[in-house]
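*Asks:*
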Amino acid sequence: MPELPEVETVARELRVLILGKTIQDIEVVWYKSFDNQSSIPISGQVIKKVGRKGKYLSLQLTRSALVIHLRMTGQLLYSTHFDYDNTHIRAKIRFNDTTELLFKDTRKFGRIYHVNDAGDILYKIGMDAIDPTLDVDLFKSLVKKSSVNIKSFLLAQNKIAGVGNIYADESLHRAGIHPASLSNKIPDVKLRNLHTHLLDILHTAIENMGSTISDYRDSYGNVGNNQRFFRVYQRTGEACLNCSMPISKVR
């Protein structure tokens, strides 16, 4: 599933590719991929802003908004021609300059929401994991109020948004915290380390254009590069780069 760095990579590319473009129409190929919750017509609206919160991408239009959740296998591919492979294309956002933004989704879990305001969808998720206002003290406070294990806390999205299995595993390993540790029992010094490593890992992954495990592609159709730097994720049985012991997976 694309996590914060992957969605941020796509958002940055789309700011270059589609900002200011006028939507001609949207062709919905598979009906469940598009959830229209607004009566405002999409045709003729201009893309005014491309945003991201957690794993959600938002396109602010002239009068309404599109909020996109890629889920497990979703991709947003920019196209300037019409001879592309239509396999697994679930929706097409067409612009009046003949370019298109294709929503490709092999497993059909992803969604495009058309809403009056992006907040109609985004209100339910927590602070973005790289939000500058999420400093170490606020981070510790949020974690300390939770009684679930720390990995579950990071994955929940309702307090801190954008972290999935990849970056939870990598940051917990760097901080020396067992994923089953109860959040409210973790010492402050380790939470400080976790905050530092989480930010470092997320920003590094963004610089590396995200991580491609199987399906993730950026808007140009390119794979990410960050998977080359994993220290624990998908390295079960291999030697730990810290202690040389075999890495075990906790279920």
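For the sequence shown, the residue numbers in this note's numbering are 18 to 268. All residues carry an ideal CB built from backbone N, CA and C; glycine is no exception. Everything numeric in this text was worked out from a predicted model, so none of it was measured.
Using 8 Å for Cβ pairs, my map puts Leu-219 next to Ala-146. What's the rounded Cβ distance?
*Replies:* 6 Å
*Asks:* Report buried or exposed for Leu-151, applying the criterion of at least 16 other Cβ atoms within 10 angstroms of its Cβ.
*Replies:* buried
*Asks:* For Tyr-101, which of Phe-120, Thr-90, Asp-114 has the nearest alpha-carbon?
*Replies:* Phe-120
*Asks:* For Ser-188 versus Asn-166, is the C-beta spacing smaller than 8 Å?
*Replies:* no
*Asks:* Which one or two residues does DSSP pair with Ser-96 in a beta bridge?
*Replies:* Glu-117
*Asks:* Classify Val-67 as helix, strand or coil using the three-state DSSP reduction.
*Replies:* strand
*Asks:* Measuring CB to CB, does His-86 end up less than 8 Å from Arg-29?
*Replies:* no
*Asks:* Check whether the segment 91-98 and the segment 63-70 touch, using three or more Cβ-Cβ pairs below 8 Å as the test.
*Replies:* The segment 91-98 vs the segment 63-70: no contact.
*Asks:* Using a 10 Å radius around the Cβ and a threshold of 16 neighbouring Cβ atoms, would you call Lys-168 buried or exposed?
*Replies:* buried
*Asks:* Under the rule that 16 or more other beta-carbon atoms within 10 Å means buried, what is Asp-122, buried or exposed?
*Replies:* buried
*Asks:* On the criterion of 16 or more Cβ atoms from any shown chain inside 10 Å, does Val-33 qualify as buried, or is it exposed?
*Replies:* exposed
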